[in-house]
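If you read the protein sequences in the order shown, they are chains A and V.
When we follow the numbering used here, the leftmost residue of the first sequence carries the number 366, and every step to the right adds one.
When we follow the numbering used here, the leftmost residue of the second sequence carries the number 478, and every step to the right adds one.
Don't be surprised by glycine CBs; every beta carbon is placed ideally from N, CA and C.
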Amino acid sequence: MDILANPTFWSSSLIMFVGVLLVSIAVVAIYLAITARARAGKGMDLLVDARKRAEERLHEAEVIGKVGSFLWDFEDPTRSYWSDEMYALFGLVPRRNIPTIDSLEPYIHEGDRERFKGAWQRATTQPGVFSFTVRTVSNRGEVRNLNIEGKSAVVNRITRSVRGVAHDVTKEMEVDRAKSEFVSLASHQLKTPLTSIKWLSEILVAEGAEPLTKKQEEYIKNIKSSAQQMVEMVNDLLNMSRIELGTLAMTLSDFNIDTLVRDVFREQEHAAAQRKVTVNLVSDSSFPTMHADEKLVRMMLQNLLSNAIKYSREGGTVDYTLSLVSVPNDTIYLTVKDSGIGIPASEREKVFERLYRASNAQKLVPDGTGLGLYVIKIVLARAGGSITFESEEGKGTTFFVSMPVVWRSGEKAA
Amino acid sequence: MTDTKTVLVVEDEPAVALALTDTLTKEGFTVLSATDGQDGLTQALDNHPDIVVTDLKMPVMTGLEMIEKLRADEWGKNVTVLILSNLSDLETLQSAMEKGAFHYMVKGDSSMADIVSAIKKHLRV
Numbered sequence: 366m367d368i369l370a371n372p373t374f375w376s377s378s379l380i381m382f383v384g385v386l387l388v389s390i391a392v393v394a395i396y397l398a399i400t401a402r403a404r405a406g407k408g409m410d411l412l413v414d415a416r417k418r419a420e421e422r423l424h425e426a427e428v429i430g431k432v433g434s435f436l437w438d439f440e441d442p443t444r445s446y447w448s449d450e451m452y453a454l455f456g457l458v459p460r461r462n463i464p465t466i467d468s469l470e471p472y473i474h475e476g477d478r479e480r481f482k483g484a485w486q487r488a489t490t491q492p493g494v495f496s497f498t499v500r501t502v503s504n505r506g507e508v509r510n511l512n513i514e515g516k517s518a519v520v521n522r523i524t525r526s527v528r529g530v531a532h533d534v535t536k537e538m539e540v541d542r543a544k545s546e547f548v549s550l551a552s553h554q555l556k557t558p559l560t561s562i563k564w565l566s567e568i569l570v571a572e573g574a575e576p577l578t579k580k581q582e583e584y585i586k587n588i589k590s591s592a593q594q595m596v597e598m599v600n601d602l603l604n605m606s607r608i609e610l611g612t613l614a615m616t617l618s619d620f621n622i623d624t625l626v627r628d629v630f631r632e633q634e635h636a637a638a639q640r641k642v643t644v645n646l647v648s649d650s651s652f653p654t655m656h657a658d659e660k661l662v663r664m665m666l667q668n669l670l671s672n673a674i675k676y677s678r679e680g681g682t683v684d685y686t687l688s689l690v691s692v693p694n695d696t697i698y699l700t701v702k703d704s705g706i707g708i709p710a711s712e713r714e715k716v717f718e719r720l721y722r723a724s725n726a727q728k729l730v731p732d733g734t735g736l737g738l739y740v741i742k743i744v745l746a747r748a749g750g751s752i753t754f755e756s757e758e759g760k761g762t763t764f765f766v767s768m769p770v771v772w773r774s775g776e777k778a779a
Numbered sequence: 478m479t480d481t482k483t484v485l486v487v488e489d490e491p492a493v494a495l496a497l498t499d500t501l502t503k504e505g506f507t508v509l510s511a512t513d514g515q516d517g518l519t520q521a522l523d524n525h526p527d528i529v530v531t532d533l534k535m536p537v538m539t540g541l542e543m544i545e546k547l548r549a550d551e552w553g554k555n556v557t558v559l560i561l562s563n564l565s566d567l568e569t570l571q572s573a574m575e576k577g578a579f580h581y582m583v584k585g586d587s588s589m590a591d592i593v594s595a596i597k598k599h600l601r602v
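Below you can see the structure in the form of structure tokens.
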């Protein structure tokens, strides 16, 4: 029998062929599956490595920059984190569950706790960015100044998350403090020789032209007026450093504002005459006795008047008007209107900034500290008063000051 | 002035002392001068001036130390002390008042006329 003619032979061969084919496909599939997995595993390893490296770099950057980062996610607390440097800044060891704000209290400097709570409360209830500085104390008693900045996500008055960074600014603050202390010390030292120049020229002026010639008398008046200007500048510097050091003291006493304003007016008569500026003083001897810091009020009156004179054109006019408004509070209003160079519109926002001087003011009067208005604004804010202005470039500026007749009791002004 | 009052000026800065001494002499006071706290204390206890006008930052003995020692003396505990200084921080001021100063004036912020009138007010002349 011819085997090839046997149908059974053909069917079993076909079955075998299909079987072998299937097995081969399975083998290839298994091979492919295994190699793909290996490749995927390798890719995953690479990803993990890259992430680890990025984390290490971030950690290094945080350590070098003394910056810690944090996220409190109130919707999904598992996403919350504190970076290792964040723990280090608080003098803590990293742990699985990140600290709550309440649990941080012992690590906040006692003097800053209330402020910290308030700042945190505001940060977490108001959407947007926040920034505040707080002192922390580690278990070892190490004190750090941390500037905490961040952003809160608040939706329908519900805080979803707070994320941000804490930056160790201890060194920066020490440098700043040293700078303020230096300014304070230098200003004190400057005041002593200035005092003798001022007093001795005062004596000469008071003694009159005999035996001085008219010319000599004029020289002495100029020396006196320059010494006065320097005293004012040194006072501005001192007041600025006191504000920054938190040592600006308010010493309240009773005094007559009308007498004081006339005194300041007399002091600057010579400077006004030199610039041919007419000062129209309006004041009233019936103003109530002020209970305030006389030195600071004098400083404000001096500064505003000398600015008005300095920035007036030759032959210009300054209206220096004091008035009293009794309702609702006893408040003294001072308006100082000059017909001077004015403040450029683009610079008005910066007028009360520390060390800022408007560009046209610098051109006209190169010397000046840019501190007068900054100090006035801070002092008035502490005393319960305010200062605003209206200005038109080329036409003049009017400053409006309001201050209570009775200042808040002897608190520190900073 | 029928009865001439004596002012003791304690000041280490010669130019400032000169301005004070000359002005006060011209105003009719008898003026004694000392250049540091120790000298001031000795002169005060020896001469019993009507008022002591003193600086604070001085060599040998500061103004505050001098006031403290003055207040320990039977006569010195009641004498009027006026401080004339350029130190105007709150701490110094409080400390001066606690130690027994009657009046505190900041030099750079006061004119000679202010100082003369403060002295006259204290001495009721």
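For Gln554 (chain A), does the count of other Cβ atoms within 10 angstroms reach 16, so buried, or fall short, so exposed?
With fewer than 16 Cβ atoms within 10 Å of its Cβ, Gln554 (chain A) is classed as exposed.
| query | For Ile622 (chain A), which three-state DSSP category applies? | reply | helix
Problem - C-alpha gap between Ser517 (chain A) and Pro442 (chain A), whole angstroms - result: C-alpha separation (whole angstroms): 15 Å.
Exercise. Kindly indicate which three-state DSSP category Ala549 (chain V) falls into: helix, strand or coil?
Key: coil
Suppose the cutoff is 6 Å on Cβ atoms and the five residues either side in sequence are ignored; what does the same chain contact list for Glu776 (chain A) look like? In this predicted model, Glu776 (chain A) has a pLDDT of only 46, less than 50, meaning its place in the structure is not dependable; the value taken from the coordinates is given anyway. Annotation for Glu776 (chain A): no residue places its beta carbon closer than 6 Å to its own, counting only its chain and skipping 5 residues before and after.
Going by the CB atoms, is the gap between Val493 (chain V) and Ser566 (chain A) shorter than 8 Å? no
In whole angstroms, what is the alpha-carbon distance linking Val766 (chain A) and Leu661 (chain A)?
For Val766 (chain A) and Leu661 (chain A), the distance between alpha carbons rounds to 14 Å.
How about Gly433 (chain A) and Ala531 (chain A): are their beta carbons less than 8 Å apart?
Their beta carbons are under 8 Å apart, which means Gly433 (chain A) touches Ala531 (chain A) by this criterion.
Review point. Would you say Ala420 (chain V) reaches chain A, if we count a Cβ-Cβ gap shorter than 8 Å as a contact?
Key: Since the first residue shown for chain V is 478 and the last is 602, residue 420 (chain V) is missing from the structure and cannot be characterised.
* Work out the CA separation of Asn621 (chain A) and Asp658 (chain A) for me, nearest whole Å. => Whole-angstrom Cα-Cα distance: 12 Å.
| request: Check whether the Cβ of Ala496 (chain V) lies closer than 8 Å to any Cβ atom in chain A. | output: yes
| task | Enumerate in chain order the residues of its own chain whose CB-to-CB distance from Ile741 (chain A) is below 7 Å, with the five nearest sequence positions on each side excluded. | result | Met665, Asn668 and Ile752
C-beta atoms of Tyr739 (chain A) and Met598 (chain A) nearer than 8 Å: No, the Cβ-Cβ distance between Tyr739 (chain A) and Met598 (chain A) is not below 8 Å.
Under 7 Å from the C-beta of Arg747 (chain A): neighbouring residues of chain V:
None at all; the shortest Cβ gap to chain V is about 14 Å.
CB contact below 8 Å: Glu490 (chain V) versus chain A
yes
*Could you name the residues that DSSP lists as bridge partners for Val502 (chain A)?*
A:Val508
ask   = So Trp772 (chain A) is in the beta strand (DSSP E); what residue range does that whole segment cover?
value = Run containing Trp772 (chain A): none; DSSP gives neither H nor E here.
| task | Could you say which of A:Lys641, A:Thr686 and A:Gly680 lies nearest to Ser650 (chain A) if we only look at CA atoms? | result | A:Thr686
- Query: Taking Cβ-Cβ distances shorter than 7 Å, what residues in chain C pair up with Glu567 (chain A)?
  - Reply: Of the protein chains in the structure, A and V, none is chain C.
### Message
For Ala778 (chain A) and Ile429 (chain A), what's the separation of their Cα atoms in angstroms?
### Response
The predicted position of Ala778 (chain A) is uncertain, since its pLDDT is 41 and thus under 50; a value taken from the coordinates is nonetheless stated next. Rounded to whole angstroms, Ala778 (chain A) to Ile429 (chain A) spans 37 Å at the Cα level.
- Message: What does DSSP give as the partner residue(s) for Lys536 (chain A) in the beta ladder?
- Response: Lys536 (chain A) pairs with nothing; no bridge assigned.
Check: DSSP on Arg631 (chain A), reduced to helix/strand/coil?
Finding: helix
Exercise for the section: Excluding the 5 residues preceding and the 5 following Ile588 (chain A) in the sequence, name in chain order all residues of the same chain whose CB lies nearer than 7 Å to its CB. Expected result: Counting only Cβ-Cβ distances below 7 Å, and skipping sequence neighbours, we find Ile562 and Ser566.
- Query: What span of residues does the beta strand (DSSP E) with Asn645 (chain A) cover, start to end?
  - Reply: Thr643 to Val647
Rounded separation between Leu561 (chain V) and Lys584 (chain V) - CA only: 6 Å
Alpha carbons only, please: which of A:His635, A:Gly735 and A:Gly493 is nearest the one belonging to Leu602 (chain A)? Cα-wise, what sits closest to Leu602 (chain A) is A:Gly735.
Is any beta-carbon of chain A found at less than 8 Å from that of Gly553 (chain V)? no
DSSP three-state assignment for Phe765 (chain A), whether helix, strand or coil = strand
- Query: Less than 8 Å separating the beta-carbons of Pro492 (chain A) and Val519 (chain A)?
  - Reply: yes
Check: Which residue from A:Arg505, A:Thr616, A:Glu583 and A:Ala571 puts its Cα closest to that of Leu570 (chain V)?
Finding: The residue with the shortest Cα to Cα distance from Leu570 (chain V) is A:Thr616.
Query raised in the report: What residues of chain V sit near Val599 (chain A), judged by a beta carbon separation below 9 Å?
Result: Gly585
request  = Measuring alpha carbon to alpha carbon, tell me which of A:Asn725, A:Ser704, A:Lys702 and A:Leu720 ends up nearest Ser711 (chain A).
outcome  = Ranking A:Asn725, A:Ser704, A:Lys702 and A:Leu720 by CA distance to the CA of Ser711 (chain A) puts A:Asn725 first.
Open item on the list: With a threshold of 7 Å (Cβ to nearest heavy atom), would Ile390 (chain A) be considered close to the ligand ADP?
Closed with: Only the bare structure without any ligand can be found here, which leaves the ligand ADP out of the picture.
Neighbourhood of Glu545 (chain V) by C-beta, 7 Å cutoff - its chain only, sequence neighbours within 5 removed: Lys576
Check your understanding: Tell me, which residues are paired with Val484 (chain V) by DSSP?
Key -> V:Val508 and V:Ile528
**Asked** Can you list, in chain order, the stretches of the alpha helix (DSSP H) that have 4 or more residues and sit fully within the region 724 to 751 of chain A?
**Response** 724 to 729 and 737 to 748
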